[in-house]
Amino acid sequence: MAEVTFPQLIQRACGIDVHLKVVVATIDGAGIQRETRSFKTFTSSLNELKEWLLSNGVTHVGMESTGVYWKPVYKVLEDSIPNIWIVNARHIKNVPGHKTDKMDSEWICKLLLAGLLKPSYIPPKEQRQLRDLTRYRNKLIQQIASEKNRMMRILEDCNIKLSSVVSNTSGTTATSLIDMLCEGKVLTLDDINSVYHGKLSASPEELLEACTGFVEEHHIYLLQMIRKDIDQTQTLVDDLSERIKRL
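In terms of UniProt numbering, the sequence shown opens at residue 1 and continues consecutively.
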């Protein structure tokens, strides 16, 4: 079968076939010979790939977006190569003329030179960093919520019915009462009044009744461990929030 040719729109390009342990790169274009080289995926080898591309005047690089293997390659090249196209594999396969289903580096290079690839949107580095931070912060916030629910289940096991009389068990009054229970304190009406505010629908007497149960040493130990975990995780959330503000 005769080799499929396309008109060339880009001067010099590189197609990269990325794998876990190796990347295969093909360069081609005006004034250079088509050449294919393999590089390991260690950072030092990826830097060698970058220097090879720069020495040959490559301005466009194309890679498939399958998996996550392309990300380290992208990070090494993004500050040096002006145009790095991460391409949906489906778009590559939809171009007629390739004799096999294998999306090799030479075929990617040929399509890139002809302007037949459509790059996916890759956010700038600062946006990617912000996304990483916000995703991790959200995960920690969910973890705190899960631990608070675990704490409430332990209190229910002690027949502490705080959630039956308080709509928000994360509110100031409920949190103060839970802290007292975590310390093993048997609550009195004076304790309730010391943290009570008039916006609550339940009376101090109702709160006292709801907070009267049978909290054993075993429960206290678990509650304290969970509270410590919540406090430590909240510190991480606060640190992440500060870093996000600085971006």
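Positions of the beta carbon are idealized from the N, C-alpha and C atoms, including for glycine.
Remember, it's a predicted structure, so these values are computed and weren't measured experimentally.
Exercise. Go through the stretch 55-139 residue by residue and report every complete run of the beta strand (DSSP E) that reaches 3 residues or more, in order.
Key: 60-64, 83-87
Quiz prompt | Stretch-stretch touch, CB-based, cutoff 8 Å, three pairs: the stretch 180-195 with the stretch 219-233 | solution = yes
Quiz item: Should V23 and L54 be called a contact, given that it needs their Cβ atoms to be closer than 9 Å?
Solution: no
Quiz item: Should G15 and I108 be called a contact, given that it needs their Cβ atoms to be closer than 9 Å?
Solution: yes
Quiz item: When the Cβ atoms of the stretch 144-155 are set against those of the stretch 106-121, are three or more pairs found closer than 8 Å?
Solution: no
Quiz item: According to the Cβ coordinates, are Y74 and T41 closer than 9 Å?
Solution: no
Quiz item: Buried or exposed: where does R12 fall if 16 or more other Cβ atoms within 10 Å of its Cβ makes it buried?
Solution: buried
Quiz item: When the distance is taken between beta carbons, is L20 closer than 9 Å to G133?
Solution: It is Leu, not Gly, that sits at residue 133 in the sequence shown. Result no, Cβ atoms of L133 and L20 do not sit closer than 9 Å.
Quiz item: Straight-line CA distance for L117 to N88?
Solution: 9 Å
Exercise. Drop a sphere of 10 angstroms on the beta-carbon of T173, count the other beta-carbons inside from all chains shown, and report buried for 16 or more, exposed for fewer.
Key: buried
Quiz item: Are the beta-carbon atoms of D28 and K110 separated by less than 9 Å?
Solution: yes
Exercise. Work out the CA separation of I92 and D101 for me, nearest whole Å.
Key: The pLDDT assigned to D101 is 41, lower than 50, so where the model puts this residue is not dependable; a value taken from the coordinates is nonetheless given after this. Cα-Cα distance, rounded: 10 Å.
Quiz item: If you follow the alpha helix (DSSP H) that Q232 is part of, which residue opens it and which one closes it?
Solution: 217-246
Exercise. Run the CB neighbour count on A30, radius 10 Å, all protein chains shown included, and call it buried at 16 or more, exposed below.
Key: exposed
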